[in-house]
Structure formats: C-alpha cells, structure tokens
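In UniProt numbering, the protein residues as written are 1 to 332. In what follows, a structure is listed as structure tokens, so that the remarks can point back to it.
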Amino acid sequence: MNTIDPSLVPQRKLSNGMVIPGIGMGTFGNDRFSSAQVSEAVYGAIKAGYRLFDCAAAYGNENEIGQVFSRAFADGLVQRNEITIISKLWNNMHGKGDVLVACAQSLCDLCLDYLDIYMVHWPFPNYHEPGANIEGRNPDAVPFSLQEYMTTWRQMEHLVDLGLVRTIGMSNMTITKLEQVLPLCRIKPTVLEVEMNPTFQQPGLFEYCLKHQILPIAFSPMGSPCRPERDTEKNDVETFKLPELVEIAQAHHCHPAEVCVKWAVQRGQVPIPFSVDENEYTANLRCTTRDFLTEEEMSRFAAADKNYRLIKGKIFLWKDAKDWRDIWDNES
C-alpha cells in the first residue's frame, strides 16, 4: 500500500481550538457493503494515512469499526489522540434522557472513552428502519420543532460538560433552522455536516457557516452516484458528467472524483468520501496533497453550480408535507 504522510494533509481549526484533518473517510455503506467490508476499509484507510472518520449509529457498523480502531491502536498504526472520530445521534434517540444512552452505546461500540465530534444526525425524530424504502416511512413523522430540537441539544451540551465528547455539531440543517437554534445554544456547534458537491454547492449556507464560525463537513462530495434508490429521481443531475468537471479532470490527468475532492478541500469544506476500494480511498487522500486546482478552475466550478440536491431525504416526510423540499425549508 502507498501511504500518505498525514502531516501533508490540509488541516482545519474549529472555533473551540480543535484541529482536524481537512478530509475524512465516510462509513455509510450498509446499503451496498457488509459491516466487515466497511470496517476493513477503515483499517486500510488508517494505514494509508487517514486521520478522520465519519461514523454514525444509523449506519449499523460501529461495533465492527470499533474493533478496527482497537486493532489499529494495538498495532501501533496510530494513537488515539492522533485520530478524529465522529459519530451521530440517530433520530429515535431525541427524547429526554436518550442522548446520553445513545452516546454511551456509540462509545461502547466504537471502543472509545470519548468522541471527538458528536452530531445530531437529522433535525427531527423521524425514524425509519435501516434500508427502508419510501413505503417504510414512519407514519408518525413530524416537521421540525424548535422546542424538540433544543431539548435534544441541551443533552448534547451536557455530553461536553461530562467530557464524553470534545465538541458537538449539527447535520442536515438549513439557514432557516440555524437562525432559530443558534441564539438559544449555550454551546454552539463547531461543525455542520451537509450535502455539498460541485453540482450542489450551497453557497448561501456555506457562507453562513463561515460567518458563524461553523466548519462545513461535506457528505456526498462526489454527487453520491450510488445513493439509495429512495433518493433518486428520473431527471437527477449526474455530477461526474458536469462538463467543467470532466474538462478539469482531463487537464489534471485524474478521475473526476479526485477533482471533486480537490475542489472541496481548496474551497474550505471537509469532504468525507466513502469507498471500500484501496486504490480509490488512497487516491482521494493523496490528491489533497498535490496538483492543486488553479484560481481559474475554482472560479469555473463556482459558476457551474446547478443548485441540485441529490440526497433529498424523502423517507423523512411527514403527513402534511407537500414534498421533500419542505424538509429543506424550500431553500434549494
């Protein structure tokens, strides 16, 4: 395996002073790969030089990944303080007293004493079974409630007080929701994980985050061509077919996926691409350390934004919602 020196990877400083890598590895793959495949890829990624991993209880593989972390520490590949580990609170654990239980379970599964970052996965308690299709939607789903969310967030803040997590963050939020919750937060989020890629750049939300000292973490940084069928529609944009992306990839003699990663890192968000293929995840990390995009290429990308959301979240819709755009407050 060709390894990448982690010190060459761009770093990002959070508002609380923490420093994290500018690229991580996602672990959501339970719709296509076994937990064993995902966890072995995590081990390979640690060997390759990755130092940030994006996990979640909802992915159903934290137990296997935890065994890999323990193995990597025991093998001397990395020390605990050299690695940033993220997990997320799933939607069925928003109730009073549930957040501590959920965090404790993730810590147990991941074989850790603390989490570096813990996020609220979605801004409502709309639960669905793993792998469910649209017909598996929870009939009791509800729209966003400021009171419900702040009840959950107060418990997240308590996790910081207890020393169980170093910092807390949010995920799948909009400016509309952030405007409501941020003034009420005792401990403000240091990160926000949302969909961002060359065809869905969310410039308004991106700038809002920077203004409020919130680091954007980008899932689906390549447009998620293998996303679950429940999130697809007939006329969806195909990110890898974006003409500007194809041309810039040809100019750099690399796959468009690598250009997506380069663009994300140079823009300032933290991409978390996922792959179980050693060549792919190694290339994703290596490309952040060399052959950078030019200012002209970055400008071309900014002008090429299609404002097209691919991860629509339709499975979380509530009874009276018009369509999936209601989840996102019709901001895109």
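For each residue, glycine too, the CB sits at the ideal point set by N, CA and C. Given the structure is predicted, the values throughout are model-derived calculations rather than measurements.
How would you label residue i, buried or exposed, when you count the other beta carbons within 10 angstroms and need 16 or more for buried?
i           : result
residue 197 : buried
residue 239 : buried
residue 312 : buried
residue 235 : exposed
residue 45  : buried
residue 1   : exposed
residue 55  : buried
residue 224 : buried
residue 179 : exposed
residue 296 : exposed
residue 147 : exposed
residue 163 : exposed
residue 152 : buried
residue 7   : exposed
residue 279 : exposed
residue 221 : buried
residue 130 : exposed
residue 81  : exposed
residue 195 : buried
residue 19  : exposed
residue 76  : exposed
residue 125 : buried
residue 102 : buried
residue 41  : buried
Quick one: what's got a C-beta closer than 6 Å to residue i's C-beta in the same chain, skipping five residues either side?
i           : result
residue 98  : none
residue 171 : 119, 121, 193
residue 63  : 109
residue 39  : 64, 65, 68
residue 57  : 90, 106
residue 150 : 184
residue 13  : 19
residue 186 : 157
Measuring alpha carbon to alpha carbon, tell me which of the options ends up nearest residue i.
i           : options            : result
residue 121 : 93, 80, 15         : 93
residue 88  : 100, 79, 78, 44    : 100
residue 242 : 199, 272, 262, 186 : 199
residue 218 : 108, 261, 181, 188 : 261
residue 79  : 58, 108, 47        : 47
residue 28  : 37, 76, 268        : 37
residue 106 : 123, 86, 142       : 86
residue 271 : 201, 155, 185, 139 : 201
residue 177 : 145, 308, 2        : 145
residue 158 : 188, 302, 297, 57  : 188
residue 10  : 288, 307, 303, 245 : 288
residue 71  : 111, 35, 32        : 111
residue 299 : 282, 263, 320      : 263
residue 307 : 237, 143, 207      : 237
residue 34  : 161, 275, 324      : 275
residue 231 : 42, 12, 310, 139   : 310
residue 317 : 127, 32, 5, 42     : 127
residue 322 : 294, 254, 293, 142 : 142
residue 267 : 207, 254, 281      : 207
residue 74  : 53, 43, 254        : 43
Looking only at its chain, what residues have a beta carbon closer than 8 Å to the beta carbon of residue i, apart from the 5 residues adjacent to it on each side?
i           : result
residue 174 : 205, 328, 329, 331
residue 258 : 249, 252, 283, 284, 287
residue 233 : 312
residue 212 : 178, 182, 188
residue 155 : 96, 97, 98, 99, 100
residue 139 : 319
Which residues does DSSP pair with residue i in a beta bridge?
i           : result
residue 175 : Bridge partners of residue 175: none, in fact.
residue 88  : 119
residue 197 : 200
residue 52  : 84
residue 1   : In the DSSP output, where bridge partners are listed per residue, residue 1 has none listed.
residue 11  : 21
residue 218 : 194, 271
residue 167 : 117
residue 26  : 54
Round the Cβ separation of residue i and residue j to the nearest angstrom and send it over; I've been treating them as touching at under 8 Å.
i           : j           : result
residue 315 : residue 51  : No, residue 315 and residue 51 are not in contact; Cβ-Cβ is about 32 Å, not under 8 Å.
residue 252 : residue 291 : 6 Å
residue 285 : residue 23  : 6 Å
residue 49  : residue 84  : Between residue 84 and residue 49 the Cβ distance is about 13 Å, and since that is not below 8 Å, they are no contact.
residue 209 : residue 216 : 5 Å
residue 165 : residue 114 : 6 Å
residue 203 : residue 320 : Contact doesn't hold; Cβ gap of about 31 Å is too wide.
residue 228 : residue 31  : 5 Å
residue 273 : residue 26  : 6 Å
Counting only the same chain and skipping the five closest in sequence on each side, list residues whose C-beta sits under 7 Å from that of residue i.
i           : result
residue 16  : 167, 190
residue 246 : 256
residue 169 : 117, 119, 189, 190, 191, 192, 193
residue 265 : 10, 22, 23, 271, 288
residue 123 : 144, 149, 172, 173, 177
residue 244 : 300, 301, 304
residue 214 : 189, 190, 191, 192
For chain C, check one thing: does any of its Cβ atoms lie closer than 8 Å to the Cβ of residue i?
i           : result
residue 228 : Although the question refers to chain C, the structure presented lacks it and comprises just one protein chain.
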